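Here's the structure we're looking at; comments come further down.
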Amino acid sequence: MSSLTIKDISKRFGGYQALDNVNIEADSGEFLVLLGPSGCGKSTLLNMIAGLETVTEGLIRIDGEVVNDRDPKDRDIAMVFQSYALYPSMTVRENICFGMRVRKVPKAQQVESVGRVAKMLQLESLLDRRPSQLSGGQRQRVAMGRALVRDPKVFLFDEPLSNLDAKLRVEMRTEIKKLHKKLGVTIVYVTHDQIEAMTLATKVVVMRQARIQQVGSPQEIYDRPQNLYVASFIGSPPMNLIPGTLRENGGQVAVETTLESGTKLVIPMGRATPAMAPYFDSKIILGARPEIITEPGIHYDGATPYAFDARVEVVEPTGSDNLAIISLGGIDAIARLRPGAGAPGKSMAFSIDTSKALLFDPQSEQRIA
Amino acid sequence: MSAEATLAAPKSERGAGLSRLLGRIFIYGILILFAFYYLMPLFVMIVTSLKDMSEIREGNLISLPRNPTLEPWRVAWMEACVGVDCPGIRGFYANTFLMVLPAVTVSTLLGSLNGFALTKFNFPGHRLVFGLIMFGCFTPYQAILIPMATVLGKLGLSGSLWGLILIHVIYGLPFTTLFFRNYYVSIPQDLVKAARVDGAGFFRIFYHILLPISAPIAIVSVIWQFTNIWNDFLFGASFTYGRNAPIMVALNNIVNTSTGERPYNVQMAAAIMAALPTLIIYVFAGRYFIRGLVAGSVKG
Chain V
1 MSSLTIKDIS KRFGGYQALD NVNIEADSGE FLVLLGPSGC GKSTLLNMIA GLETVTEGLI
61 RIDGEVVNDR DPKDRDIAMV FQSYALYPSM TVRENICFGM RVRKVPKAQQ VESVGRVAKM
121 LQLESLLDRR PSQLSGGQRQ RVAMGRALVR DPKVFLFDEP LSNLDAKLRV EMRTEIKKLH
181 KKLGVTIVYV THDQIEAMTL ATKVVVMRQA RIQQVGSPQE IYDRPQNLYV ASFIGSPPMN
241 LIPGTLRENG GQVAVETTLE SGTKLVIPMG RATPAMAPYF DSKIILGARP EIITEPGIHY
301 DGATPYAFDA RVEVVEPTGS DNLAIISLGG IDAIARLRPG AGAPGKSMAF SIDTSKALLF
361 DPQSEQRIA
Chain F
1 MSAEATLAAP KSERGAGLSR LLGRIFIYGI LILFAFYYLM PLFVMIVTSL KDMSEIREGN
61 LISLPRNPTL EPWRVAWMEA CVGVDCPGIR GFYANTFLMV LPAVTVSTLL GSLNGFALTK
121 FNFPGHRLVF GLIMFGCFTP YQAILIPMAT VLGKLGLSGS LWGLILIHVI YGLPFTTLFF
181 RNYYVSIPQD LVKAARVDGA GFFRIFYHIL LPISAPIAIV SVIWQFTNIW NDFLFGASFT
241 YGRNAPIMVA LNNIVNTSTG ERPYNVQMAA AIMAALPTLI IYVFAGRYFI RGLVAGSVKG
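So the protein sequences, as listed, match chains V and F.
If you're matching positions, the first sequence starts at 1 in the UniProt record's numbering and goes up one per residue.
If you're matching positions, the second sequence starts at 1 in the UniProt record's numbering and goes up one per residue.
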């Protein structure tokens, strides 16, 4: 259990920049998730923390100590791989013991540690099997057992669930979360699945093309995405990014956009801030999650929703909600309605919770409010 | 019309069955013919080795022996003449095993170590090193005979079995390296990473993790090396002489030693015995050979 600091880290492979000036702080007991599409550098960063890749520039500290030049074995870390990387010729017991054998841990202690981990992960009946005789979920648990038996300062997970089927993935996700709760360990977890990131993390690092886009709690990332990339990457269905024009009148601002019919909507966005000033009367993007565009009558605390009528093009029922597609500012915007609500082709009343809507600069793609 | 159609159907089915049968007969006929063609020399060798000289003199190559005798086999083994001595092939047999076993073992082990280093530890220039090693696969042996003789002379290994072992190890390495490299390339890098995180170093990872799963390709390498080294004539003839010669050189000398009548039966028996080890290996391990060759491409 320890803190982890990534300071000004860069990584180049020949001429290719894999990581560009990355800074991350993780407190002891943090569940840090590195989230991004493939090729964004998240796995490279994890390998660098593990000591499997060299650092081109910057410092990596585990528990305050710089570990840049230490071998993986001297960093007191444990790692779980996407492919599980179980040693094929060894039994489950031997797989779990291998690290201890290398470190020359006394036999009695090895036996005790294996027993403890096997019990925690329900591996007792599998100890004498080989990896080829295990199911995907069992292999996954053995891989975690091999990491857990070490009792390291930091756990590293490299997309550990992406080889499992959907149902098992959800189960193992909960297992990992429970383990983190129970052991209070520091975890760095790499994934490209935003739902995994949201559900597991205490802190999410969204990455794209070698750079960090945003660091924050899952709720922060969801509610206040720093830029259009984060806004569209997180959330399913994704945030509506509605083109419009920012208007100012007596210290109050509003976004002007159009419906499919050509009707103008002027959506009030409250008091103007200094950051908005450069955008008066120019193009802007309004970010609105599907759940803040609903049928009227839903109670919002503290804010008066803006109401308007629009024609529903399509309704997509998900069971828990009905997703209604309406045309706003020339894009297909998604509104989240109660199940059964909305009829395709019919006009109906909507309301937007403007207190939760965001404004983005269409050029720089950064959030301005 | 529908009645016609139903009547016609069995007829055409019968036609199809007949043409299929003819096709089968054709295919099997060809196969049997070629099997016969390829087995003929072996048959001639075996029957000749079981005949005595008087029967051979009658000149009927493919007739079965009238009075089968194992005497030619005994003579070949114990007292066949190789040049001026007549020690039989048994001493050369032992020689060859003494040379082949260490040469096969060492070249296979080193090849696997090379393959491991080339695939799992991406040291700078590993592609170039592999490319250079591959040159060895395409260098004709005749081209290096003289330089090799010089080197063996400098090492004091001229004419000895140790020198021959060294040469076979060196010239086996490009092939064994190629086999193991191609096999290890398909083994996930994560396995090595996991072992490194567990604290294992180069040799421990090799010994505990890679080597135990190398059986399929090790069998390929062993069969390949055993067959090649056992059957080698050029190096054996160039770098050894007299009683140090391997079996293939001895066999050649037996056949070329002519004092009066050629003892075809003894020569055939000696040839069969010389070929037997590689045949036995192929019969017992051949299917692993095929399996091992394709193993690299299949995910474990």
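Note that the Cβ used here is the ideal one computed from N, Cα and C, for glycine as well.
The structure presented is a predicted model; accordingly, all values stated were derived computationally and were not measured.
The three-state reading of DSSP puts V/THR54 in coil, since its state is none of H, G, I, E or B. Per the C-alpha coordinates, the member of V/ARG93, V/ALA357, V/LEU323, V/ARG173 positioned closest to V/MET269 is V/ALA357. F/ASP190 carries a helical assignment under DSSP once its states are collapsed to helix, strand and coil. F/ASN122 sits in coil when the DSSP states are folded into three classes, being neither helix nor strand. Close CB contacts of F/THR108 within its chain, under the 7 Å cut and outside five residues either way in sequence, are with THR176, ALA218, SER221, VAL222, GLN225 (chain order). Among the CB atoms of chain F, one or more fall inside 9 Å of the CB of V/VAL102. V/ARG146: member of the alpha helix (DSSP H) spanning 136–148, first to last residue. Beta-bridge partners of V/GLU295 (DSSP): none assigned.
Inside the segment 219–272 of chain V, DSSP marks whole alpha helix (DSSP H) runs of 4 or more residues at positions 228–233, from first to last along the chain.
Under the DSSP assignment, F/GLY236 falls in the alpha helix (DSSP H) whose first and last residues are 234–239. When 8 Å is used as the limit between beta carbons, V/MET79 is near these residues of chain F: LYS193, ALA194, VAL197, in chain order. Scanning its chain for C-beta atoms nearer than 7 Å, with the 5 sequence neighbours on each side dropped, one finds around V/PHE308 the residues LEU265, PHE350, in chain order. The beta-carbon distance between V/LEU286 and V/LEU228, rounded to whole angstroms, is 11 Å. This is too long to meet the 8 Å contact definition.
For V/VAL105, the secondary structure class from DSSP, reduced to helix, strand or coil, is coil. The three-state secondary structure of V/LYS11, taken from DSSP, is strand. F/ALA149 sits in a helix when the DSSP states are folded into three classes. Within chain F, no C-beta atom comes less than 8 Å from the C-beta of V/SER282; the nearest is roughly 50 Å away. Straight-line spacing of the CA atoms in V/ALA201 and V/ASP158 works out to 14 Å. V/VAL204 and V/VAL80 have their C-alpha atoms some 19 Å from each other. In this structure, the straight-line span from the alpha carbon of V/GLY330 to that of V/ALA310 is close to 13 Å. When the beta-carbon positions are compared, F/GLY131 and F/GLY172 stay at least 9 Å from each other.
Beta-bridge partners assigned by DSSP to V/ASP158: V/VAL190.
When beta bridges are read from the DSSP output, V/PRO317 appears opposite V/ASN322. Secondary structure of V/LEU200 (DSSP, three-state): helix. Straight-line measurement puts the Cα of F/ALA285 at about 28 Å from the Cα of F/PRO140. At a C-beta separation below 9 Å, F/ILE209 has these neighbours in chain V: TYR87, PRO88, SER89, MET90, PHE98.
Under the Cβ criterion (8 Å, minimum of three pairs), the segment 122–129 of chain F does not count as touching the segment 192–202 of chain F. At a Cβ-Cβ threshold of 9 Å, F/PHE92 and F/VAL249 count as neighbours. Boundaries for V/ARG338: no beta strand (DSSP E) harbours it, and the DSSP string shows neither H nor E there.
For F/ASN231, the enclosing alpha helix (DSSP H) covers residues 215–231. Note on geometry: alpha-carbon atoms of F/ARG66 and F/SER186 lie some 57 Å from one another.
When C-beta atoms of the segment 169–187 of chain V are compared with those of the segment 205–215 of chain V, fewer than three pairs fall below 8 Å, so the two segments do not count as touching. Annotation: V/SER132 is outside any beta strand (DSSP E) and is labelled neither H nor E by DSSP. For V/THR5, same chain residues with a beta-carbon under 7 Å away, outside a window of 5 residues either side, are GLU25, ARG61 in chain order. Rounded to the nearest angstrom, the gap between the Cα atoms of V/ALA324 and V/VAL312 is 6 Å.
Pairing V/PRO160 with V/GLN138 gives a Cβ-Cβ distance that is not under 9 Å.
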